[in-house]
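To start, the structure under review is shown below, and the notes come after it.
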Amino acid sequence: MPDDEQGTDDFAQRTAAAEELPLTDRADAFAALHDELRTRLESGGSASA
11 MPDDEQGTDD FAQRTAAAEE LPLTDRADAF AALHDELRTR LESGGSASA
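Numbering (my numbering), first residue to last: 11 to 59.
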C-alpha cells in the first residue's frame with residue numbers, strides 16, 4: 011500500500027475511534043488530530059508523515 015493510502019487509512023481509523031469517545035474526550039481527540047494535520051501542512055509534509 012502506498013504511503014499516502016496508509017496515512018489516509020490511519021487518519022480514518024483515528025477519526026472513527028475519536029467518534030466513539032465520550033464528548034469531552036472526543037473534543038480532545040479531534041483537537042489532537044487538528045494539531046497534527048496543521049503541523050503537517052505548515053511543514054509541507056505529506057499526509058503519511
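The beta-carbon is built from N, C-alpha and C at its ideal position, and this holds for glycine as well. Since the model is a prediction, treat every value here as computed from it, not as a measurement.
- Cβ atoms of Ala28 and Ala39 come within 8 angstroms of each other, at about 4 angstroms.
- Rounded to whole angstroms, the gap between the alpha carbons of Arg48 and Pro32 is 24 angstroms.
- Separation of the CB atoms of Thr25 and Leu51 is rounded to 17 angstroms, and the pair is thereby denied contact status at 8 angstroms.
- Taken atom to atom, the span from the alpha-carbon of Thr18 to that of Asp35 is near 22 angstroms.
- Assignment of Leu31 by DSSP, reduced to helix, strand and coil, places it in the coil class.
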